[in-house]
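There are 4 protein chains.
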Amino acid sequence: MMPETRSATALTAQESRQAAARERIIDAAVAEFAAQGFAGARVDAIAERAGINKRMLYAYLGNKKALWLAALERVYAAKREEERRLDLQRLSPVEGMQILVRFNFRYHMEHPEFLSMLNDENLQHGLNLHGSKNVVALYSPLLELISSLLERGEAEGVFRRNVDPMQLYISIIGLGYFYCSNRYTLAAIFNRDFESIEEVLTREQHIVDEILGFLRP
Amino acid sequence: MMPETRSATALTAQESRQAAARERIIDAAVAEFAAQGFAGARVDAIAERAGINKRMLYAYLGNKKALWLAALERVYAAKREEERRLDLQRLSPVEGMQILVRFNFRYHMEHPEFLSMLNDENLQHGLNLHGSKNVVALYSPLLELISSLLERGEAEGVFRRNVDPMQLYISIIGLGYFYCSNRYTLAAIFNRDFESIEEVLTREQHIVDEILGFLRP
Amino acid sequence: MMPETRSATALTAQESRQAAARERIIDAAVAEFAAQGFAGARVDAIAERAGINKRMLYAYLGNKKALWLAALERVYAAKREEERRLDLQRLSPVEGMQILVRFNFRYHMEHPEFLSMLNDENLQHGLNLHGSKNVVALYSPLLELISSLLERGEAEGVFRRNVDPMQLYISIIGLGYFYCSNRYTLAAIFNRDFESIEEVLTREQHIVDEILGFLRP
Amino acid sequence: MMPETRSATALTAQESRQAAARERIIDAAVAEFAAQGFAGARVDAIAERAGINKRMLYAYLGNKKALWLAALERVYAAKREEERRLDLQRLSPVEGMQILVRFNFRYHMEHPEFLSMLNDENLQHGLNLHGSKNVVALYSPLLELISSLLERGEAEGVFRRNVDPMQLYISIIGLGYFYCSNRYTLAAIFNRDFESIEEVLTREQHIVDEILGFLRP
DNA sequence: TATGAATGAGCCTTCATTCAT
DNA sequence: AATGAATGAAGGCTCATTCAT
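Protein chains in written order, with the working numbering: chain A, 1 to 217; chain D, 218 to 434; chain Z, 435 to 651; chain R, 652 to 868.
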């Protein structure tokens with residue numbers, strides 16, 4: 001969570017104040033962008049949310065596009081941090097896969113800002129992401145976790161063979177992503193409350209069943 | 218497809234011109250909204266795309282929100298029309314399910330405006346959709362097709378039992394939706410071109426495998 | 435009330451239809467202008483109130499300014515018609531003056547469109563009125579009635595001498611005009627309802643008292 | 652006159668610049684609204700008159716309605732300030748009444764913006780005034796001055812008894828208000844120049860005569 | 001004759017960004 | 001270092017007026 005500490009050199013009081021301001025700005029940007037989208041977001045609103053002067057916001061971040069990019073990297077990084085905490089090595093492949101699938105679904109349900117910003121970034125054809133220098137923040141440990149689980153599962157004979165980890169990754173995410181991201185239009189069509197606990201748990205179980213059902217040898 | 222035909226009476230030349238203008242406006246709105254999102258879209262741009270005076274646009278549709286709603290209903294209706302064309306009765310459950318899954322994936326790939334608008338409508342928490350009077354346009358025949366296929370498949374013993382059609386519906390859509398909608402951010406992460414024919418076909422096959430793999434008894 | 439009939443020649447059916455349309459338009463204009471002022475009035479609204487096509491409105495009246503002038507002449511003429519009905523000759527000077535004063539007050543209370551339009555015409559420095567050809571419509575019989583009453587009253591010794599009829603005319607109107615025209619701001623200041631019957635009657639009596647009190651020899 | 656002084660602390664340079672800008676805007680608003688009415692006034696014109704950026708105008712005042720309200724309060728307050736300067740205590744009731752009547756007439760003649768704005772506010776049924784928080788600005792010392800003069804005049808036997816101060820207030824104002832506000836339409840009707848010095852002085856004297864004539868015991 | 005469609009200018013308001021202190 | 005003021009360019013929407021049938 002803490003901003004990556006520079007190796008060995010302590011931050012001066014001023015530097016740390018600036019860093020804190022930067023954090024507040026980016027947090028505010030995430031909130032505003034997630035709620036309004038890029039075009040709908042207001043720089044003024046971000047400054048206000050951050051409790052900072054608009055001029056400083058420009059001094060620190062540059063402009064609206066840069067704000068967006070910083071916010072986008074933030075939501076990716078936040079998810080990556082959570083993913084890192086997953087420790088599936090000591091679980092059986094089936095149990096590990098269950099945990100992984102549940103984790104993704106829950107994360108998406110609990111972090112609408114992640115879905116929101118990804119959707120808008122795709123609306124912009126991912127142009128900002130392509131220009132990002134911090135691509136490392138995008139990297140997800142999930143793919144390797146999946147690969148490892150698939151290998152172990154295959155070896156133990158509990159998973160089918162020749163499953164492409166990346167395709168499975170996309171599927172695991174997609175099964176929850178669509179439900180979460182489109183819960184409002186789905187609600188209008190099916191006339192249900194997809195945010196109720198019952199519906200959420202039902203969906204979570206269904207996704208687990210579906211992935212594991214597919215992976216059966 | 219056909220505009221609601223008034224009983225027996227043909228439309229006057231004027232009426233048909235008006236209808237044509239309305240269509241052009243809505244088409245233009247779909248294009249602009251899909252490309253820019255609601256907040257990013259410009260009414261001027263829609264008028265220009267439609268080749269119509271801005272004043273007339275307001276006379277026909279009312280305001281930006283109404284334009285959005287009309288465009289949203291349009292993309293829903295367009296998909297519904299295509300869905301209606303599916304004739305799965307004469308196919309085996311497995312073949313039918315394959316066709317249905319492929320259809321959805323391809324539709325989403327070929328109609329980014331559908332994904333775009335749904336995403337933005339969800340950003341707005343589906344408020345416009347909830348206010349829509351033409352809810353009938355939202356209704357999708359897919360759910361019944363899925364139910365029917367599941368029943369037949371169960372009866373024939375080729376599908377597992379007790380699969381919830383709505384959950385399966387959400388899954389079938391979600392598996393393709395995420396890939397299509399998020400192809401640009403996925404491209405940035407995996408450094409691939411997810412619009413290339415090979416990748417698209419690979420994904421399509423994977424989705425079919427996944428759904429059918431899950432449905433195995 | 436009927437439009438002045440052309441001497442001796444009967445109107446054709448078409449002419450009378452046109453005349454009726456013109457009347458409807460002007461009536462509608464009076465209503466709209468009185469409610470919204472010149473700048474606030476909408477030509478569309480006038481056409482709609484008149485139940486006539488906007489194009490015809492322009493054909494008959496010309497443009498917004500001409501509509502205003504026609505409406506202005508109409509409200510002046512309407513008041514003049516009512517004034518003509520006053521028959522004060524057979525009354526005593528005091529009684530006649532009372533009637534005249536009461537008439538004016540009541541007319542203003544009952545015809546807010548008259549006040550409204552005069553106010554706005556004065557906002558425009560009376561430019562339209564100065565360009566009017568139908569100045570005859572502006573002519574008020576009141577001045578002569580007042581002169582006559584003053585003369586008789588002086589002769590009978592019931593009125594003071596050397597009262598300027600025009601000044602008295604302006605006073606008689608002014609005492610009621612301000613109360614009527616400014617009833618809303620007065621209401622805000624004095625926190626009373628100046629449209630209630632009691633207040634209206636009180637004011638009417640006060641004006642009569644004031645004029646006659648002044649006229650005492 | 653003095654802006655509300657904050658206890659003991661002088662205004663900073665910045666605060667006083669802001670206050671000055673606000674004043675300029677409101678002055679400009681008064682001028683524009685008085686000349687064009689609410690609907691006819693252009694916010695652009697106000698900004699230009701004030702020599703300020705349109706955006707700042709909105710930052711300071713909010714919107715057109717708020718501009719109107721501020722301008723309206725300003726013209727009321729300006730008149731109240733002048734009224735406060737009247738010192739009638741040391742004059743005889745008759746002299747005091749003369750001064751008061753003349754003051755009102757002259758004020759209206761010299762401040763057409765006051766009449767203009769009141770007229771338009773009444774066109775709007777006084778809605779803005781009713782929503783005003785600064786109602787105190789509306790309060791006029793005139794009523795008490797009149798009451799006091801009436802009491803003293805009655806006691807001294809120079810004024811008639813039982814005159815309602817509020818009715819007299821309305822009359823004093825009305826006698827001049829109508830002449831001033833409607834001078835242009837009156838000019839068209841009587842074909843005179845009611846702004847000439849002679850006419851103005853004649854009217855002023857007439858009003859004095861009328862009020863005092865009425866007040867005779 | 002009579003009608004709805006069309007238009008260009010303009011209005012109120014807001015935005016991302018930069019100045020000046 | 002930090003702040004509020006300032007700006008020009010738009011954005012949504014409306015209006016009086018004219019066209020085309």
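Every residue gets a Cβ at the ideal spot worked out from N, C-alpha and C, and that includes glycine.
Here the structure is a predicted model, which means the values were calculated and not measured.
8 Å Cβ cut-off: residues of chain Z touching residue i
i, result
"R/Ser767", "Leu557"
Rounded distance between the beta-carbons of residue j and residue i, thought under 8 Å
i, j, result
"A/Ala71", "A/Ala29", "4 Å"
"Z/Arg458", "Z/Ile480", "The Cβ separation is near 10 Å, so there is no contact."
"Z/Pro599", "Z/Ile580", "5 Å"
"R/Leu789", "R/Tyr727", "5 Å"
"D/Gly313", "D/Leu367", "About 10 Å separates the two Cβ atoms, so there is no contact after all."
"D/Gln341", "D/Phe255", "7 Å"
"R/Leu737", "R/Leu751", "7 Å"
"Z/Glu629", "Z/Arg617", "6 Å"
Enclosing alpha helix (DSSP H) for residue i [first to last residue]
i, result
"R/Gly777", "R/Gly777 -> no alpha helix (DSSP H), and no H or E assigned at all."
"Z/Pro651", "Z/Pro651 -> no alpha helix (DSSP H), and no H or E assigned at all."
"Z/Ile606", "599-615"
"R/Leu720", "715-736"
"A/Ile146", "142-156"
"Z/Ile480", "477-484"
"D/Arg319", "310-327"
"A/Tyr58", "54-61"
Under 7 Å from the C-beta of residue i: neighbouring residues of chain D
i, result
"A/Phe190", "Met383"
"A/Glu210", "Ser388, Phe431"
"A/Ala228", "Any question about residue 228 of chain A goes unanswered here, given that chain A covers just 1 to 217."
"A/Ala187", "Gly343"
"A/His111", "What A/His111 touches in chain D: nothing, since even the nearest Cβ is about 15 Å away."
Amino acids of chain R, ordered along the chain, whose beta-carbon sits closer than 7 Å to that of residue i
i, result
"Z/Asn616", "Leu769, Asn773"
Contact list for residue i against chain Z, beta-carbon separation under 9 Å
i, result
"R/Gln687", "Ala473, Leu557"
"R/Arg812", "Neighbours of R/Arg812 on chain Z: none; closest Cβ ~12 Å, over 9 Å."
"R/Leu789", "Thr619, Ala622, Ile623"
Under 8 Å from the C-beta of residue i: neighbouring residues of chain R
i, result
"Z/Arg637", "Gln818, Ile821"
Partners in chain A for residue i, counting only beta-carbon separations shorter than 8 Å
i, result
"D/Tyr496", "A question about residue 496 of chain D goes unanswered here, because the residues of chain D that appear run from 218 up to 434."
Chain-ordered neighbours of residue i on chain D, where CB pairs are closer than 9 Å
i, result
"A/His130", "Tyr401, Ala404, Ala405"
Residues that residue i contacts on chain A, provided the C-beta gap is smaller than 9 Å
i, result
"D/His325", "Here the premise fails: no neighbours, minimum Cβ distance about 10 Å."
Is the segment 755-771 of chain R close to the segment 824-831 of chain R, with three or more CB pairs under 8 Å?
In short, these stretches touch, since the Cβ pair count reaches three.
Does the pairing of the segment 684-691 of chain R with the segment 769-778 of chain R give three or more beta-carbon distances under 8 Å?
Because the criterion of three Cβ pairs below 8 Å is met, the segment 684-691 of chain R and the segment 769-778 of chain R touch.
Per the contact definition of three or more C-beta pairs closer than 8 Å, is the segment 805-823 of chain R in contact with the segment 611-630 of chain Z?
As far as the Cβ criterion goes, the segment 611-630 of chain Z touches the segment 805-823 of chain R, which means the pair count is three or higher.
With a threshold of 8 Å, are at least 3 pairs of Cβ atoms found where one atom belongs to the segment 574-588 of chain Z and the other to the segment 491-507 of chain Z?
Taking 8 Å as the limit for Cβ pairs, the verdict is that the segment 491-507 of chain Z does not touch the segment 574-588 of chain Z.
With three or more C-beta pairs closer than 8 Å as the rule, is the segment 802-810 of chain R touching the segment 588-595 of chain Z?
Below 8 Å, too few C-beta pairs join the segment 588-595 of chain Z and the segment 802-810 of chain R to call them touching: fewer than three.
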